[in-house]
Amino acid sequence: KNEVEQSPQNLTAQEGEFITINCSYSVGISALHWLQQHPGGGIVSLFMLSSGKKKHGRLIATINIQEKHSSLHITASHPRDSAVYICAVSGSRLTFGEGTQLTVNP
Amino acid sequence: NAGVTQTPKFQVLKTGQSMTLQCAQDMNHNSMYWYRQDPGMGLRLIYYSASEGTTDKGEVPNGYNVSRLNKREFSLRLESAAPSQTSVYFCASARLAGAPGEQFFGPGTRLTVL
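Residue numbers (our numbering), protein chains in the order written: chain A, 931 to 1036; chain B, 15 to 128.
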């Protein structure tokens, strides 16, 4: 079993829909990261959080330390949100989930 | 600032050939990392350098060597490339190793070994 599990693996949505991507982990962590990888391949950090909730524009990330679970929400989704979203946890080093491929259709 | 840069962007090798992937960062970060990304798998750590002058093995170090040339530069060498090393390679840097800080990624190198 992977230390970091994401669901779903693939997600297709219509423009405007509310999207949720989930991440569960099985190890002790100091922080959890959400990353975005666009079709061109570049990886950018969206959030780093160790408790509670963070919001940036239409993106919201939450974490429940007791349940070892995090969610990434996208409100009013847009085709430009189409990307792979990666969850990673910080222990002694970063451990990555496999990613969730999101496609938002117009 | 350029952030993290990698060269080359694409490379095709024949089995047994050698090559070096270059990485540089201009953010004065202490730690640097090399990852590989394969379909159906998360990013996996090959080697990392917590600070200038130190390097350590990650999860999948076999077949690779690294050099932390100075604080800015961290190179990855394949001495005798194998088809199993076909992958996309990412370099990353962070201010401190071991701390839960953000990592900054380069654009990646797509390597094919025939």
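Beta carbons are placed, not taken as given, at the ideal position from N, Cα and C, and that holds for glycine. As the structure is a computational prediction, the values presented were derived from the model and not from experiment.
Three-state class that DSSP yields for residue i in the structure shown
i                 : result
Arg988 (chain A)  : coil
Gln39 (chain B)   : strand
Gln936 (chain A)  : strand
Gln117 (chain B)  : coil
Ser63 (chain B)   : strand
Asp70 (chain B)   : strand
Gly954 (chain A)  : The residue asked about is misnamed: residue 954 (chain A) is Ser in this sequence, not Gly. Here Ser954 (chain A) sits in strand by DSSP.
Ser1012 (chain A) : coil
Gln51 (chain B)   : strand
Ser1022 (chain A) : coil
Gln20 (chain B)   : strand
Gln99 (chain B)   : helix
Lys983 (chain A)  : strand
Thr1005 (chain A) : coil
Arg86 (chain B)   : coil
Asn1035 (chain A) : strand
Gln31 (chain B)   : coil
His999 (chain A)  : strand
For residue j and residue i, the rounded distance between their alpha carbons
i                 : j                 : result
Gly987 (chain A)  : His1008 (chain A) : 13 Å
Arg50 (chain B)   : Ser32 (chain B)   : 17 Å
Glu997 (chain A)  : Ser960 (chain A)  : 14 Å
Gly946 (chain A)  : His1003 (chain A) : 13 Å
Thr1005 (chain A) : Asn1035 (chain A) : 14 Å
Val934 (chain A)  : Cys1017 (chain A) : 8 Å
Arg91 (chain B)   : Asn76 (chain B)   : 11 Å
Leu979 (chain A)  : Ile993 (chain A)  : 7 Å
Thr1033 (chain A) : Phe977 (chain A)  : 20 Å
Asp40 (chain B)   : Leu110 (chain B)  : 15 Å
Val102 (chain B)  : Val80 (chain B)   : 17 Å
Thr21 (chain B)   : Ser975 (chain A)  : 21 Å
Tyr1015 (chain A) : Gly1029 (chain A) : 5 Å
Ser937 (chain A)  : Ser1001 (chain A) : 10 Å
From the options, residue whose alpha carbon lies closest to that of residue i
i                 : options                                     : result
Lys71 (chain B)   : B:Asn79, B:Tyr61 and B:Val80                : B:Tyr61
His968 (chain A)  : A:Ala1006, A:Arg1010, A:Gln936 and A:Leu979 : A:Arg1010
Gln1031 (chain A) : A:Gly971, A:Glu933, A:Glu997 and A:Ser1022  : A:Gly971
Val951 (chain A)  : A:Arg1023, A:Ala991 and A:Gly1021           : At residue 951 (chain A) the sequence reads Ile, which differs from the Val that was named. Per the Cα distances, A:Ala991.
His963 (chain A)  : A:Ser1012, A:Phe948 and A:His999            : A:His999
His43 (chain B)   : B:Pro53, B:Phe119 and B:Leu125              : B:Phe119
Ile973 (chain A)  : B:Glu93, B:Val18 and B:Leu27                : B:Val18
Tyr955 (chain A)  : A:Val1014, A:Phe948 and A:Asn932            : A:Asn932
Arg124 (chain B)  : B:Thr69, B:Ala16 and B:Cys105               : B:Cys105
Glu116 (chain B)  : A:Val1014, A:Lys985, A:Gly1029 and A:Leu965 : A:Leu965
Glu66 (chain B)   : B:Gly54, B:Ala108 and B:Asn84               : B:Asn84
Phe948 (chain A)  : A:Lys985, A:Ser981 and A:Leu989             : A:Leu989
Gln944 (chain A)  : A:Ser1012, A:Lys985 and A:Val1019           : A:Ser1012
Same chain, Cβ closer than 7 Å to residue i, five either side skipped, listed in chain order
i                : result
Thr29 (chain B)  : Ala95, Ala96, Pro97, Val127 and Leu128
Gly958 (chain A) : Gly1021
Spatial neighbours of residue i in its chain, beta-carbon cut-off 6 Å, leaving aside the 5 residues before and after
i                : result
Phe88 (chain B)  : Cys37, Met46, Ser63 and Arg82
Leu57 (chain B)  : Tyr49 and Gln51
Lys983 (chain A) : Thr992
Contacting residues, own chain, Cβ-Cβ under 8 Å from residue i (five flanking each side not counted)
i               : result
Leu59 (chain B) : Tyr47, Trp48, Tyr49, Gly72, Glu73 and Val74
Exercise. At a Cβ cut of 8 Å, what residues of the region 933 to 952 of chain A count as close to chain B, listed as they run along the chain?
Worked result: Val934
Problem set entry | Interfacial residues, the region 980 to 1003 of chain A to chain B, with Cβ spacing under 8 Å | Ser980
For this session: Anything in the region 92 to 124 of chain B with a Cβ closer than 7 Å to a Cβ of chain A? List those residues in chain order, please.
Result: Val102, Phe104, Gly112, Pro114, Glu116, Gln117, Phe119, Pro121 and Gly122
Problem set entry | chain A contacts from the region 46 to 63 of chain B (Cβ-Cβ distance under 9 Å) | Tyr47, Tyr49, Gln51, Gly54, Met55, Gly56, Leu57, Arg58, Leu59 and Tyr62
For this session: Taking a Cβ distance cut-off of 8 Å, strictly less, list which residues of the region 1019 to 1030 of chain A are near chain B, in chain order.
Result: Ser1020, Ser1022, Arg1023, Leu1024, Thr1025, Phe1026, Gly1027, Glu1028 and Gly1029
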